[in-house]
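Note sheet for the following structure.
In the working numbering, the protein residues as written are 12 to 368.
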């Protein structure tokens with residue numbers, strides 16, 4: 012992909028494999044992607060597409076049966092994949108690249124107070140005294156929306172609601188003062204109202220602190236509201252990439268068309284909600300051609316024979332589909348997503364996709 016300015020993280024030709032009993036699963040298949048400083052990058056796709064595995068390689072947090080077999084990940088002049096020891100990763104993990112996970116209860120220690128857990132991170136990563144760390148922890152609690160933070164500093168995680176616990180996890184991540192914040196489906200376990208609040212908070216904090224945000228989600232409604240750029244993943248590859256407006260209003264890959272057509276907000280009364288038929292391919296097997304071809308209504312013979320290259324649409328928009336080859340027949344996106352801009356404006360006006368951008 013074309014080089015961009017102020018690249019904070021650069022992934023080149025990444026391949027990740029897992030050993031599962033006596034078989035090998037290729038979870039990430041030759042991904043190259045640059046992350047621009049200060050931007051919000053949304054990585055979207057169905058479950059199993061490789062979103063979380065991809066970002067775990069940035070902090071050396073792959074499961075023990077996983078291995079990066081090819082590629083480079085450049086951050087601050089270093090190839091992170093040259094790190095072999097946990098001690099080496101510790102100067103990156105949390106401190107410079109932090110992660111907010113789906114379930115806050117798996118990130119918080121149930122027998123330690125909320126304040127202790129935030130202060131501990133401040134002391135470790137910022138070298139502050141206990142008193143200084145406590146004062147900063149309370150400020151962070153207030154910043155992420157915890158009411159009466161000084162009193163609640165000594166409370167335990169079970170005394171907080173799910174949404175409040177997620178705010179605390181965000182506060183802990185911010186205590187490290189990271190340059191990159193990875194949000195891995197941070198609102199999945201929360202109800203819709205709280206989801207909207209957490210999404211708004213992350214967006215606000217990103218603007219305020221200037222860190223790069225990588226937002227992993229399957230919810231395109233979230234993407235529409237928070238992202239600057241979008242990377243669409245399928246079967247361990249990025250199959251479309253572009254500014255949020257380009258991916259939403261000028262999508263070019265049939266899989267992206269399917270994802271957008273599946274938006275519940277686009278459903279019409281009396282009509283069945285669209286769903287992409289079939290299932291993703293097995294990543295235990297070698298994939299020939301376009302991985303999405305067996306599920307696509309637009310597949311051509313070449314899609315089953317040869318993997319498509321990445322076609323450049325604009326300086327910022329790319330898609331991996333043979334439909335962009337000059338020799339391919341001209342096809343139109345599904346009726347559901349034509350004039351999507353007007354439809355999204357109408358939905359957003361009703362508060363249907365977490366408020367306005």
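Every residue gets a Cβ at the ideal spot worked out from N, C-alpha and C, and that includes glycine.
Spatial neighbours of residue i in its chain, beta-carbon cut-off 8 Å, leaving aside the 5 residues before and after
i           : result
residue 80  : 26, 27 and 28
residue 153 : 160
residue 292 : 246, 298, 302 and 305
residue 76  : 29, 30 and 31
residue 136 : 105, 106, 186, 187 and 188
residue 141 : 130 and 134
residue 244 : 54, 55, 56, 60, 61, 62, 65 and 250
Counterpart residues of residue i in DSSP-defined beta bridges
i           : result
residue 86  : 20 and 89
residue 329 : 252 and 323
residue 37  : 28
residue 348 : Answer is none; residue 348 lacks a bridge partner.
residue 42  : 25
Beta-carbon spacing of residue i, residue j below 8 Å
i           : j           : result
residue 336 : residue 318 : no
residue 171 : residue 121 : no
residue 249 : residue 242 : yes
residue 107 : residue 191 : yes
residue 231 : residue 294 : no
residue 247 : residue 82  : no
residue 164 : residue 184 : no
residue 235 : residue 255 : yes
residue 50  : residue 240 : yes
residue 223 : residue 46  : yes
residue 283 : residue 325 : no
residue 91  : residue 103 : yes
residue 269 : residue 329 : no
residue 267 : residue 279 : no
residue 69  : residue 193 : yes
Nonlocal neighbours in the same chain, by C-beta distance under 6 Å from residue i, ignoring five residues either side
i           : result
residue 105 : 187
residue 272 : 285, 345, 347 and 348
residue 179 : 125
residue 181 : 111 and 155
residue 332 : 264 and 319
residue 37  : 28 and 294
residue 369 : The structure shown does not extend to residue 369, since the chain is modelled only from 12 to 368, so the question has no answer here.
residue 73  : 67
residue 150 : none
Own chain, CB closer than 7 Å to residue i, minus 5 neighbours either side, in chain order
i           : result
residue 304 : 310, 314 and 315
residue 208 : 174
residue 352 : 260
residue 42  : 22, 25, 65, 248 and 249
residue 94  : 71 and 100
residue 177 : 115, 197, 201 and 209
residue 221 : 49
Neighbour flag for residue i against chain D, beta carbons, 8 Å
i           : result
residue 310 : Reference to chain D is not applicable here, since this structure consists of a single protein chain.
Given 8 Å, three or more beta-carbon pairs between the region 86-106 and the region 52-64: Contact between the region 86-106 and the region 52-64 is absent: fewer than 3 CB-CB pairs across the two stretches fall below 8 Å.
task: Please confirm if the region 307-318 is in contact with the region 327-346, defined as three or more CB-CB distances below 8 Å between the two stretches.
output: As far as the Cβ criterion goes, the region 307-318 touches the region 327-346, which means the pair count is three or higher.
4 or more residues per run - each alpha helix (DSSP H) lying fully within the region 44-124: 62-67, 97-101 and 115-118
- prompt: Can at least three beta-carbon pairs, one atom from the region 110-129 and one from the region 157-165, be found at a separation below 8 Å?
  reply: yes
field: Length at least 4, wholly inside the region 226-311: the alpha helix (DSSP H) runs in chain order
entry: 231-237, 255-260 and 265-272
message: Using a Cβ distance threshold of 8 Å, determine whether the region 200-213 contacts the region 285-297, with at least three qualifying pairs required.
response: no
Minimum length 4: unbroken alpha helix (DSSP H) runs contained in the region 169-203: 173-186
field: Cβ pair count under 8 Å reaching 3, the region 250-268 against the region 28-39
entry: no
message: Would you call the region 112-120 in contact with the region 196-211, where contact means no fewer than 3 C-beta pairs closer than 8 Å?
response: The region 112-120 vs the region 196-211: in contact.
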